[in-house]
Amino acid sequence: MPGSGRHERGRDEGEPGRMTPLLRAVIGLSTLVVLALAAVLFLPGRGAVHGQEAQEGAGQVQQLESGAQLYVQNCASCHGSNGEGGPNGPSLVGVGPANLDFQMWTGRMPLAAPNEPGYRQEPTLTEAQRNAITAYAVQNFAGPQPAIPQVASSGDLRLGWELYVNNCAACHGPSGAGGAIGAGNVAPPLNAVDAVRMAEATIVGPGTMPAFLFPPDQLAALTAYVTFLQTAPSPGGISLAGVGPVPEGFIAGILGLGGLVVVARWVGRRHPS
Amino acid sequence: MRRRRAPDALDRRPDPSPTPDPRSQGREEDEEPSELDRVVGWFDQRTGAATYARTALRKVFPDHWSFLLGEIALFSFIVLVATGTFLTFFYIPDARPTVYEGPYAPLSGQEVSAAFESVMRLSFEVRAGLVMRQVHHWAALVFVAVIVLHAARVFFTGAFRRPRELNWLIGFGLLFLALGEGVTGYSLPDDLLSGTGLRIMYSAVLGIPFVGPNLAYLIFGGEFPTEGLISRLFVFHVMLLPGLLIGGLATHLALTWLQKHTQFKGGRATERNVIGPSLWPVQVFKSVGLFFLTAALLAFLGGMFQINPVWSYGPFIPYVASVPAQPDYYVGWLEGALRLAPAFEPVIPIVNWRIPSTFIPGVLVPGLLFGLLMLWPFLEAKFTRDKREHHLLDWPWEAPVRTATGFAILAFFLIQTLAGGNDVLAVFFNMQVETLTLIFQITLVVLPVVTWVVAYRLCVERQRAAAHPEAEAPMGGVALRRSALGGFEEVEEA
Chain A
15 MPGSGRHERG RDEGEPGRMT PLLRAVIGLS TLVVLALAAV LFLPGRGAVH
65 GQEAQEGAGQ VQQLESGAQL YVQNCASCHG SNGEGGPNGP SLVGVGPANL
115 DFQMWTGRMP LAAPNEPGYR QEPTLTEAQR NAITAYAVQN FAGPQPAIPQ
165 VASSGDLRLG WELYVNNCAA CHGPSGAGGA IGAGNVAPPL NAVDAVRMAE
215 ATIVGPGTMP AFLFPPDQLA ALTAYVTFLQ TAPSPGGISL AGVGPVPEGF
265 IAGILGLGGL VVVARWVGRR HPS
Chain B
512 MRRRRAPDAL DRRPDPSPTP DPRSQGREED EEPSELDRVV GWFDQRTGAA
562 TYARTALRKV FPDHWSFLLG EIALFSFIVL VATGTFLTFF YIPDARPTVY
612 EGPYAPLSGQ EVSAAFESVM RLSFEVRAGL VMRQVHHWAA LVFVAVIVLH
662 AARVFFTGAF RRPRELNWLI GFGLLFLALG EGVTGYSLPD DLLSGTGLRI
712 MYSAVLGIPF VGPNLAYLIF GGEFPTEGLI SRLFVFHVML LPGLLIGGLA
762 THLALTWLQK HTQFKGGRAT ERNVIGPSLW PVQVFKSVGL FFLTAALLAF
812 LGGMFQINPV WSYGPFIPYV ASVPAQPDYY VGWLEGALRL APAFEPVIPI
862 VNWRIPSTFI PGVLVPGLLF GLLMLWPFLE AKFTRDKREH HLLDWPWEAP
912 VRTATGFAIL AFFLIQTLAG GNDVLAVFFN MQVETLTLIF QITLVVLPVV
962 TWVVAYRLCV ERQRAAAHPE AEAPMGGVAL RRSALGGFEE VEEA
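So the protein lines, in turn, are chains A and B.
For what it's worth, this note's numbering labels the leading residue of the first sequence as 15, then goes sequentially.
For what it's worth, this note's numbering labels the leading residue of the second sequence as 512, then goes sequentially.
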């Protein structure tokens, strides 16, 4: 309605003092009509946005609610109802979403029994449940940092190799096969985590593993290299667990020497003379 | 004259002088000598080889499958030489840095040694290079294992007794050369894993009292890691050690030939004869078959099982550590000895000299044990006052002390070898490394003793059963009383 728009501008630019009360009433009324029409015109879109936000908000509330519930069911017995920790588990105050996500994604948490170390297994919680717990914990006590890292899908393999060999191979082995690092701690093989969880482990440092501070490009390179270790075919036949001479020795002894003894016994059968 | 019977011939000891002139015999019936005969005759007239060949082909070999073990070791060695020759065509024995630009993406652009680069090229670019590398490596592992089994057979049957003491010593020399070959070869790729192994060896040499540092400098050419190390190892691996190995093998075989093979008791076998099929045709065909079967098995391992994937270890970087880090199993006993030994560095009082912790477990104890084994023929002759020649073999139970000692020493080395992989085994068995190490430490002391006692007892029982077969009743055990000196005496059960 161009007319009414002009009216409005006229009203803004002109001197209101000269208008008669009737005119004012008319203008005011028509303004209201314009606004109402505009509202009618634009309402569908904005109404939808509002609705989504409201739904999201409701979903978040729901997630936080179910997160709270799940947290109480699965975690609170050890970590305390406000993440303050207790005799059976450390405090989760300020651990951040990356740590929570890593611990639950890799099946380490929830721990089955208080006095055993968390170990890698199939996650016991679904993805939705894990996200709910993380959201709840982050909002209430775990804090936003370190955040779940965004990992670039590709990285410099050579740099990744160098970072890996210098920082990780001492515990996880050069081929990522894992190894014992003393006092019952085992650096697990790196064949069962995806890139995001790799990056989470690196910045969080679960258990006895140290936490590392890498800039994003280095983190991407590192995860690219470990992904390469996981996926690139390693030529040469059946790979013996990637832990080197120990299984090789067993194969040499059992198949090699054993096979040759069988051969010797077969060839060396006595003649019926 | 010599009497022969096919397939089993009878060869008398001592060897009668060769028959006068058998050269004329062969061609008597042949009016028209064939082409082959002419060629053979040509050589024979110039070398007189036919005489030797004829006696050689008649040579008698006692047959028992365990006598083939030495032969299998020889055949593994032949496979090693053949595959090794192939590898030297491509290997570059040079520690100087170069940039890797091959197809293995993570190392592309990385500075590595020329040696490592050439091994990468062998593995990824040279046709059949990887399988040759793998067959070579598997053959090396099996080679040492077969030598040990062969030596164990010789030991437990008393085949080392007079007149074969010398060959026993030569055999030990060959074993050491084989170990040396293994260690130097393991180190040639200049990868992260083998570099760690070299570092340990360097330290073990350093730890030898008085001469250690000088010796280490002499062998390695300076402070670890030395520039010249790879080229030195290469010379050791492809020239010095194989040269000695071939020379030693030739002597070992020549002595076996001259002294004739030992044989087990039974049948017509006596101390004065050798009974078995003759070299031609039976043994020759057996040996040829054995060679191909050995080569086939090694090729199977090399083709089927990945071994030493150097690309995933990467080049050697002195300051980088990796787990698990083991040597090949045949020096695992040394690794295990170092892992099990307590941190114990006694100081010799008067000269005020500290014995490095590597010395006792890494040099002294194995030195004593190997020394004991090497001197065993002489010690046994002295203690049993048996200085006669022996061509008939003992069954293991006939010499209880020898058998018990042999098994005890084997048990000792076995535990040490397993302990060399304690971290890998701990993960495998889901145990703490420390617990497993403690178990190994205890077993290392206890198991050899237990093995000795059990083996001794079994031998004595077996002897008794053999002496009085009728007494071998189900309840017919032997009661032994252990004397204060550790000896055993049988106690008659009432």
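Glycine is no exception: its CB is placed at the ideal position from the N, C-alpha and C atoms.
Taking residue i as the reference, which of the options has the closest Cα?
{"i": "Ala-810(B)", "options": "Pro-788(B), Pro-700(B), Phe-671(B) and Ala-650(B)", "result": "Ala-650(B)"}
{"i": "Asn-205(A)", "options": "Gly-108(A), Pro-101(A), Leu-114(A) and Thr-120(A)", "result": "Thr-120(A)"}
{"i": "Leu-936(B)", "options": "Phe-951(B), Leu-886(B) and Gly-595(B)", "result": "Phe-951(B)"}
{"i": "Gln-837(B)", "options": "Leu-680(B), Trp-576(B) and Ile-711(B)", "result": "Ile-711(B)"}
{"i": "Tyr-840(B)", "options": "Pro-259(A), Arg-284(A) and Gln-74(A)", "result": "Pro-259(A)"}
{"i": "Asp-702(B)", "options": "Lys-893(B), Asn-819(B), Ile-920(B) and Val-874(B)", "result": "Asn-819(B)"}
{"i": "Val-746(B)", "options": "Val-655(B), Ser-698(B) and Ser-798(B)", "result": "Ser-698(B)"}
{"i": "Ala-1054(B)", "options": "Leu-880(B), Val-944(B), His-901(B) and Thr-781(B)", "result": "The structure shown has nothing for residue 1054(B), since chain B only spans 512 to 1005."}
{"i": "Gly-813(B)", "options": "Leu-996(B), Gln-556(B), Gly-613(B) and Leu-641(B)", "result": "Leu-641(B)"}
{"i": "Asn-933(B)", "options": "Glu-891(B), Leu-849(B) and Glu-972(B)", "result": "Leu-849(B)"}
{"i": "Thr-609(B)", "options": "Pro-826(B), Gly-595(B) and Val-646(B)", "result": "Pro-826(B)"}
{"i": "Ile-658(B)", "options": "Phe-578(B), Pro-614(B) and Val-646(B)", "result": "Phe-578(B)"}
{"i": "Gly-108(A)", "options": "Gly-73(A), Gln-159(A), Ala-215(A) and Trp-175(A)", "result": "Gln-159(A)"}
{"i": "Ala-184(A)", "options": "Glu-141(A), Ala-209(A), Ala-126(A) and Pro-224(A)", "result": "Pro-224(A)"}
{"i": "Thr-596(B)", "options": "Leu-547(B), Ser-624(B), Met-643(B) and Arg-899(B)", "result": "Met-643(B)"}
What would DSSP say about residue i, mapped onto helix, strand or coil?
{"i": "Ile-195(A)", "result": "coil"}
{"i": "Arg-284(A)", "result": "coil"}
{"i": "Val-200(A)", "result": "strand"}
{"i": "Glu-622(B)", "result": "strand"}
{"i": "Glu-856(B)", "result": "coil"}
{"i": "Trp-864(B)", "result": "strand"}
{"i": "Val-785(B)", "result": "strand"}
{"i": "Val-610(B)", "result": "strand"}
{"i": "Ile-252(A)", "result": "strand"}
{"i": "Leu-903(B)", "result": "strand"}
{"i": "Phe-802(B)", "result": "helix"}
{"i": "Phe-588(B)", "result": "helix"}
{"i": "Gln-837(B)", "result": "coil"}
{"i": "Val-571(B)", "result": "strand"}
{"i": "Phe-775(B)", "result": "strand"}
{"i": "Val-54(A)", "result": "For Val-54(A), the predicted structure reports a pLDDT of 48, less than 50, and the residue's modelled location is therefore unreliable. A value from the coordinates is still provided. In the structure shown, Val-54(A) sits in a helix (DSSP, three-state: H, G or I)."}
{"i": "Ala-984(B)", "result": "Because the pLDDT of Ala-984(B) is 49, which lies under 50, any placement of that residue in the model is unreliable, and the question is left without a value."}
{"i": "Ser-823(B)", "result": "helix"}
{"i": "Gly-843(B)", "result": "helix"}
{"i": "Glu-98(A)", "result": "coil"}
Please tell me whether residue i and residue j are closer than 9 angstroms, where the distance is taken between their beta carbons.
{"i": "Gly-190(A)", "j": "Val-200(A)", "result": "no"}
{"i": "Gly-110(A)", "j": "Met-123(A)", "result": "no"}
{"i": "Arg-172(A)", "j": "Ala-616(B)", "result": "yes"}
{"i": "Leu-685(B)", "j": "Leu-756(B)", "result": "yes"}
{"i": "Leu-903(B)", "j": "Lys-771(B)", "result": "no"}
{"i": "Trp-887(B)", "j": "Phe-667(B)", "result": "no"}
{"i": "Pro-867(B)", "j": "Glu-856(B)", "result": "yes"}
{"i": "Gln-87(A)", "j": "Ala-149(A)", "result": "no"}
{"i": "Ser-833(B)", "j": "Thr-707(B)", "result": "yes"}
{"i": "Gly-931(B)", "j": "Glu-1000(B)", "result": "no"}
{"i": "Pro-220(A)", "j": "Asn-113(A)", "result": "yes"}
{"i": "Trp-576(B)", "j": "Arg-134(A)", "result": "no"}
{"i": "Lys-797(B)", "j": "Val-276(A)", "result": "no"}
{"i": "Ser-248(A)", "j": "Trp-822(B)", "result": "yes"}
Just confirm the distance between the C-beta atoms of residue i and residue j, as a whole number of angstroms; I'd bet it's less than 8 angstroms.
{"i": "Gln-817(B)", "j": "Ile-268(A)", "result": "That belief does not hold up - the Cβ atoms of Gln-817(B) and Ile-268(A) are roughly 16 angstroms apart, past 8 angstroms."}
{"i": "Gly-955(B)", "j": "Leu-851(B)", "result": "Contrary to the premise, residue 955(B) reads as Leu rather than Gly in this sequence. So it is a contact: roughly 6 angstroms between Cβ atoms."}
{"i": "Phe-587(B)", "j": "Thr-805(B)", "result": "Here residue 587(B) is Ser; the residue named in the question, Phe, does not match the sequence. Contact holds; Cβ gap of about 6 angstroms."}
{"i": "Asn-96(A)", "j": "Pro-128(A)", "result": "Not quite, the Cβ-Cβ distance comes to about 18 angstroms (not below 8 angstroms), so this is no contact."}
{"i": "Val-257(A)", "j": "Ile-828(B)", "result": "Contact flag wrong, Cβ pair sits at about 20 angstroms."}
{"i": "Leu-947(B)", "j": "Ile-926(B)", "result": "Actually they are not in contact, since the Cβ atoms of Leu-947(B) and Ile-926(B) sit about 11 angstroms apart, beyond 8 angstroms."}
{"i": "Phe-116(A)", "j": "Val-240(A)", "result": "Wrong, their Cβ atoms sit about 15 angstroms apart, outside the cutoff."}
{"i": "Trp-844(B)", "j": "Phe-924(B)", "result": "5 angstroms"}
{"i": "Phe-683(B)", "j": "Met-942(B)", "result": "36 angstroms between Cβ atoms; not a contact."}
Query raised in the report: Okay, do the stretch 598-612 of chain B and the stretch 736-753 of chain B touch, 3+ Cβ pairs below 8 angstroms being the bar?
Result: yes
Requested in this report: Kindly confirm or deny that the stretch 914-922 of chain B and the stretch 229-248 of chain A touch, where touching means at least three C-beta pairs closer than 8 angstroms.
Outcome: no
Query raised in the report: Per the contact definition of three or more C-beta pairs closer than 8 angstroms, is the stretch 160-167 of chain A in contact with the stretch 79-86 of chain A?
Result: no
Report task. Decide if the stretch 571-590 of chain B is in contact with the stretch 776-792 of chain B; the criterion is three or more beta carbon pairs, one per stretch, under 8 angstroms apart. Result -> yes
Query raised in the report: Counting Cβ pairs, one atom from each stretch, are 3 or more of them under 8 angstroms apart for the stretch 721-734 of chain B and the stretch 847-862 of chain B?
Result: no
**Report entry** Touch test, the stretch 628-636 of chain B against the stretch 593-603 of chain B, Cβ-Cβ under 8 angstroms, three pairs minimum
**Finding:** yes
Query raised in the report: Are three or more beta carbon pairs between the stretch 654-664 of chain B and the stretch 687-694 of chain B nearer than 8 angstroms?
Result: yes
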